[in-house]
Amino acid sequence: MSEMARVCIQVQSLYVESQSSPDEERYVFAYTITIRNLGRSSVQLRGRYWLITNGNGRETEVQGEGVVGEQPHIAPGSEFQYTSGAILETPMGTMQGHYVMIDEEGEEFFVDIPVFRLAVQTHIH
Numbered sequence: 001m002s003e004m005a006r007v008c009i010q011v012q013s014l015y016v017e018s019q020s021s022p023d024e025e026r027y028v029f030a031y032t033i034t035i036r037n038l039g040r041s042s043v044q045l046r047g048r049y050w051l052i053t054n055g056n057g058r059e060t061e062v063q064g065e066g067v068v069g070e071q072p073h074i075a076p077g078s079e080f081q082y083t084s085g086a087i088l089e090t091p092m093g094t095m096q097g098h099y100v101m102i103d104e105e106g107e108e109f110f111v112d113i114p115v116f117r118l119a120v121q122t123h124i125h
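Counting in UniProt numbering, the sequence shown tops out at residue 125, every number present.
Shown next, in the form of structure tokens:
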């Protein structure tokens, strides 16, 4: 991996109440991910790996090409943002994983996606 490849990941997650049905143990979460290229050369996102853990500790692995059907090229200093979703059987859980990227030389490298929480927000008045 070249010294130039520097990618920063930011995640925001949200509980989607309108699509969830707790009675049926269906909790829908949306997450928005911003991938920033802080390096000096462009990178391309080729694939993703997720480890999703529900509140009971049950783990699900998801692997695939690209994100939201795209394999975006991200120019130096720019960013790519997308929103996707996850469905859990419990009101909380976590997600973590990595992206598979390639740099301008075609060298593959991984970018870790730090663990983030999915949780039903309780309304406190």
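Just so it is clear, CB atoms sit at the ideal spot from N, CA and C, and this is done for glycine as well.
Buried versus exposed, by CB contacts within 10 Å (16 or more), residue i
i, result
"Val7", "buried"
"Met1", "At Met1, the pLDDT of 46 sits below 50, so the modelled position is not reliable; the number obtained from the coordinates is stated separately. Classification of Met1: exposed, given that the 10 Å Cβ count is below 16."
"Gly93", "buried"
"Val43", "buried"
"Arg58", "exposed"
"Ala86", "buried"
Extent of the continuous beta strand (DSSP E) run through residue i
i, result
"Gln19", "Element bounds for Gln19: n/a, residue is neither H nor E."
"Asn56", "Element bounds for Asn56: n/a, residue is neither H nor E."
Residue nearest to residue i in terms of C-alpha spacing, selected from the options
i, options, result
"Tyr27", "Gln63, Gly55, Glu89, Arg48", "Glu89"
"Pro72", "Thr60, Val100, Ile87", "Val100"
"Ile35", "Glu79, Gly47, Ser20", "Glu79"
"Thr33", "Asn56, Gly55, His98, Gly106", "The question names Thr, but residue 33 is Ile in the sequence shown. If we check each option's Cα against that of Ile33, His98 comes out closest."
"Ser41", "Asp112, Thr53, Gly106", "Gly106"
contact_flag[the segment 105-118, the segment 11-25] where n(CB pairs < 8 angstroms) is 3 or more | The answer is yes - the segment 11-25 touches the segment 105-118, with three or more Cβ pairs under 8 angstroms.
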